[in-house]
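Going by the working numbering, the sequence shown opens with residue 101, and the numbers climb by one from there.
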Amino acid sequence: MGAVTVLIVDAANVVGSVPDGWWRDRRGAAERLRDLLAERDAGEEIVLVVEGAARGVESVPGVRVDPAPGSGDDRIVELAGQYAERGCVVVTADRELRARVGAFGVECLGPRSVRPAP
């Protein structure tokens, strides 16, 4: 992977990759992921795309939270198209989403790249 300037994270997919009870508090799970991402010091811009019950999650220094107005996947594809020229990576395990952003030449990484397994 070359220099990444934008890391786009599929919050629902990454949160859902660990069966830790996230379904009882989707917003809290997204906030914990946001805080974990904020600890990264990789020199990239991080965009956390949230949807549904997690839409109220606020941005923090180092992580811009982008509440999808509809489908989170559609918003991620839109962002990947905007940032493809700058260099971006999408974090998701969703095969269909990976194929959609791959059309822009965008690389994808799995959830464990940003959230280690328990």
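Cβ atoms here follow ideal geometry from the backbone N, Cα and C, with glycine treated the same way. All values derive from a computational prediction rather than experimental measurement.
Between the C-alpha atoms of Thr192 and Ala112 there is a straight-line separation of about 9 angstroms.
The residue among Val114, Pro216 and Leu209 with its C-alpha nearest the C-alpha of Glu151 is Val114. Burial check for Trp122: the Cβ neighbour count within 10 Å reaches 16 or more, so the residue is buried. Apart from the 5 residues on each side of it in sequence, Val157 sits with its Cβ closer than 7 angstroms to the Cβ of Arg127, Ala130, Glu131, Arg134, Val150 and Val165 in its chain, given in chain order.
In summary, Gly170 is exposed, with fewer than 16 beta-carbon neighbours lying within 10 Å of its beta-carbon over all protein chains present.
Annotation: Ala199 to Cys208 spans about 9 angstroms, alpha carbon to alpha carbon.
The C-alpha of Gly172 lies about 11 angstroms from the C-alpha of Ala154. Val118 and Arg215 have their C-alpha atoms some 9 angstroms from each other. For the pair Ala168 and Ile176, the CB atoms are nearer than the 9 angstroms cut-off.
For Arg215, the three-state secondary structure derived from DSSP is coil. Closest option to Val106, judged by alpha-carbon separation, among Asp120, Ala180 and Ala203: Ala180.
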